[in-house]
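Down below is the structure, laid out as structure tokens.
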Amino acid sequence: MNLAKTVSTRATCSRRHVGAVIIRNKQILSTGYNGAPSGITHCTKDGCLREKLGIPSGERYELCKAVHAEQNAIIQAAKHGIAIDGADIYVTDQPCALCTKMLINAGICTVYYLKGLKNEFAEQLANEARLQMVEVKENE
């Protein structure tokens with residue numbers, strides 16, 4: 029989890045810094061942080077559109093430039109030909125419903141997370157798909 033926290037420092041979202049690390053058999057497979065796609069101006073430079081529009085956290089993700097940390101970790105693995113089926117992921121925040129669906133389809137077994145907006149729908153999806161979601165205390 030310390031590595032996920034370190035990865036989160038690279039985030040280019042002006043509202044929230046999230047880091048993710050995908051691991052299998054104690055080997056790091058991929059990392060990701062939230063931020064604008066390659067070649068797109070970062071919100072730290074342009075400002076946050078969601079903030080300008082007064083959109084609360086956890087709503088209207090389609091109006092955000094950033095790709096979520098979990099999504100970037102999956103994308104990086106795919107880009108470099110790294111299989112993540114059967115792996116676990118450590119994330120600094122609880123995944124949203126969209127990321128949960130992606131983690132399910134990517135074959136992730138367990139999500140370890142520190143905090144985040146509680147998302148009951150994401151938890152329902154995870155339960156039905158037998159994706160374990162484990163909240164980790166800060167000092168564990």
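Numbering-wise, our numbering comes out as the position in the sequence shown, counting from 1, plus 28.
Even glycine gets a Cβ: it sits at the ideal position worked out from N, Cα and C.
Where the beta strand (DSSP E) through residue i begins and ends
i	result
Ser-58	55 to 61
Lys-143	138 to 143
Residue i (DSSP reduced to helix, strand or coil)
i	result
Gln-122	coil
Leu-159	coil
Val-35	helix
Lys-146	coil
Cβ-Cβ distance between residue i and residue j below 7 Å
i	j	result
Val-35	Asp-121	no
Leu-159	Ile-132	yes
Ala-115	Leu-57	yes
Ala-64	Ala-97	no
Asn-147	Ala-125	yes
Thr-138	Ala-154	no
Lys-145	Gly-86	At residue 145 the sequence reads Leu, which differs from the Lys that was named. Taking 7 Å as the Cβ cut-off, Leu-145 and Gly-86 qualify as a contacting pair.
Thr-69	Thr-40	no
Below-7 Å beta-carbon distance, residue i vs any chain D residue
i	result
Lys-107	No chain D appears in this structure, which consists of one protein chain only.
Could you pull out every unbroken beta strand (DSSP E) segment of at least 3 residues lying fully inside the stretch 45 to 118, listed in chain order? 47 to 52 and 55 to 61
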